[in-house]
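Each residue of the sequence shown is one higher than the one before, starting from 0 at the first, in numbering that gives the first Met the number 0.
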Amino acid sequence: MTGTTDSGTTGGRPKEIEAAWALTLAAVAGEAVVWVLGAFVVDPTGLEDLTSVSGADAAARQLALSGGVLAVFLAGWVAVAVQMRAGRGWARAVLGAAGALCLAAAATDFGMSGTGPAAWPLLACLPDLLTAAAVVPMFLPSARTHFQSRTRRA
Numbered sequence: 000m001t002g003t004t005d006s007g008t009t010g011g012r013p014k015e016i017e018a019a020w021a022l023t024l025a026a027v028a029g030e031a032v033v034w035v036l037g038a039f040v041v042d043p044t045g046l047e048d049l050t051s052v053s054g055a056d057a058a059a060r061q062l063a064l065s066g067g068v069l070a071v072f073l074a075g076w077v078a079v080a081v082q083m084r085a086g087r088g089w090a091r092a093v094l095g096a097a098g099a100l101c102l103a104a105a106a107t108d109f110g111m112s113g114t115g116p117a118a119w120p121l122l123a124c125l126p127d128l129l130t131a132a133a134v135v136p137m138f139l140p141s142a143r144t145h146f147q148s149r150t151r152r153a
């Protein structure tokens with residue numbers, strides 16, 4: 000299906016869905032960046048903490064495992080977002096629940112500044128805030144219509 004929809008986009012998707020998609024991709028990228036920064040850059044780094052407790056070899060294994068689990072999680076997140084973008088209502092519900100959980104996490108974690116730089120708590124919460132923000136356009140009227148029309152065609 001090509002052409003312009005009533006919400007002004009091409010390809011049959013409302014601009015709200017494209018906004019949710021973009022925000023979700025930004026949140027996924029943000030999670031990866033926050034993990035790398037926390038593990039290797041922001042003092043005290045996760046690598047330093049793990050090395051002091053477990054030794055260098057165990058720290059490297061733990062970070063490799065953590066990075067692998069994160070990569071699988073992020074790939075799954077993108078896969079669900081692809082389904083949401085395609086108009087699957089279940090994916091919108093999953094991402095909506097994830098957004099609510101991330102907003103709760105951001106609200107509880109933001110006050111925990113730790114020992115890092117003053118801006119670190121805000122940066123660390125940014126992916127959670129982006130995830131929560133992605134939920135809003137998914138439930139706007141044009142998006143709801145998009146999901147309902149996909150359900151009727153199935």
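Every residue gets a Cβ at the ideal spot worked out from N, C-alpha and C, and that includes glycine.
- request: Only counting runs of 4 or more residues, tell me where the alpha helix (DSSP H) segments fall wholly within the segment 30-91, in order along the chain.
  value: Secondary structure within the segment 30-91: the alpha helix (DSSP H) runs of 4 or more consecutive residues, fully enclosed, are 45-53, 55-84 (chain order).
query: Among A133, F72, E17, which one has its Cα closest to the Cα of L94?
result: Of A133, F72, E17, the residue nearest in Cα terms is A133.
query: Does the Cβ-Cβ distance between V27 and V79 come in under 8 Å?
result: Cβ distance not < 8 Å, so V27 and V79 don't count as in contact.
Secondary structure of A99, DSSP reduced to three states: In the structure shown, A99 sits in a helix (DSSP, three-state: H, G or I).
field: Beta carbon proximity, P43 to chain C, threshold 8 Å
entry: Absent from the structure is chain C; it holds one protein chain and no more.
Where the alpha helix (DSSP H) containing A131 begins and where it ends: Here the alpha helix (DSSP H) through A131 covers 119-137.
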